[in-house]
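Please read the structure below before turning to the comments.
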Amino acid sequence: MNRTIKVIDCVVNPITPEVMKLRPAWSRAFWTGKFGRDAKLADGLTHEQMLDLMDRAGIERALLIATKTGQQGIPGSWHLPYAMVAEAVQRWPERFSGLAGLDPTEGMAGVRAFEHAVREYGFVGAHFYPHWFELAPDHARWYPFYAKCVELDVPVQLQVGQSLIYDPNRPLKSVGRPITLDAVACDFPELKLV
Numbered sequence: 029m030n031r032t033i034k035v036i037d038c039v040v041n042p043i044t045p046e047v048m049k050l051r052p053a054w055s056r057a058f059w060t061g062k063f064g065r066d067a068k069l070a071d072g073l074t075h076e077q078m079l080d081l082m083d084r085a086g087i088e089r090a091l092l093i094a095t096k097t098g099q100q101g102i103p104g105s106w107h108l109p110y111a112m113v114a115e116a117v118q119r120w121p122e123r124f125s126g127l128a129g130l131d132p133t134e135g136m137a138g139v140r141a142f143e144h145a146v147r148e149y150g151f152v153g154a155h156f157y158p159h160w161f162e163l164a165p166d167h168a169r170w171y172p173f174y175a176k177c178v179e180l181d182v183p184v185q186l187q188v189g190q191s192l193i194y195d196p197n198r199p200l201k202s203v204g205r206p207i208t209l210d211a212v213a214c215d216f217p218e219l220k221l222v
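Note that our numbering numbers the sequence shown so that position 79 is 107, with each residue one more than the last.
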């Protein structure tokens, strides 16, 4: 039996030229220096170019993250508007799904915006990088978002482990210790953690 296995890339930060213009200055040096990404890629790829690369790599679907890296207004932080990811998801629904970035400093306004992204834009889950907010996954400020994930029956994807030095002017604490998910899983047994 010859079976083709399709791949789902579950962590994709959009890199269109429009998105790349929103990123802070440190981003280009980080991707080209630390990761050795081709400088042309650092200028961005259209969604069509990305789909071509996905096809060549056998990737059926990508989960696009409306990234939130740190609180708005703090140097080096930035947020990708949900609407920019929603546009790609609406144009290529068979190839892209959206994940709503979370910012715990937004409080209940952030929870409502997340709910809007799921209900109105069709996003399939939440996403956050704990280190950008220097709040461990078991910090109380994340809990309203966890409760909303359970209510909406969507998963939350988060990065745990060691933080990299993204911006040399702002080293981030490694707060995403895997053990901190123990309390979250106990407090929210219905929560789908990725």
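C-beta: ideal position from N, C-alpha, C; glycine also.
Source: prediction; values computed, not measured.
- request: Tell me whether Phe58 is buried or exposed, calling it buried when 16 or more other Cβ atoms sit within 10 Å of its Cβ.
  value: buried
- request: Grab the span of the alpha helix (DSSP H) containing Leu127 for me, first residue to last.
  value: Taken as a continuous stretch (DSSP letters only), Leu127 belongs to no alpha helix (DSSP H), being part of the beta strand (DSSP E) at 124-129.
message: Can you look up Arg51 in the DSSP assignment and give me helix, strand or coil?
response: coil
message: Could you check whether the region 154-165 touches the region 194-208, counting it as contact only if at least three pairs of C-beta atoms, one from each stretch, sit closer than 8 Å?
response: yes
- request: Could you please give the first and the last residue of the uninterrupted alpha helix (DSSP H) stretch that includes Val178?
  value: 171-180
- prompt: Apart from the five residues on each side of it in sequence, which residues of its chain come closer than 8 Å, Cβ to Cβ, to Pro196?
  reply: Trp54
query: With a CB to CB cut of under 6 Å and the five nearest residues on each side skipped, what residues in its chain are close to Ile33?
result: none
query: Exposed or buried, Phe63, counting other C-beta atoms within 10 Å across all chains shown (16 or more means buried)?
result: exposed
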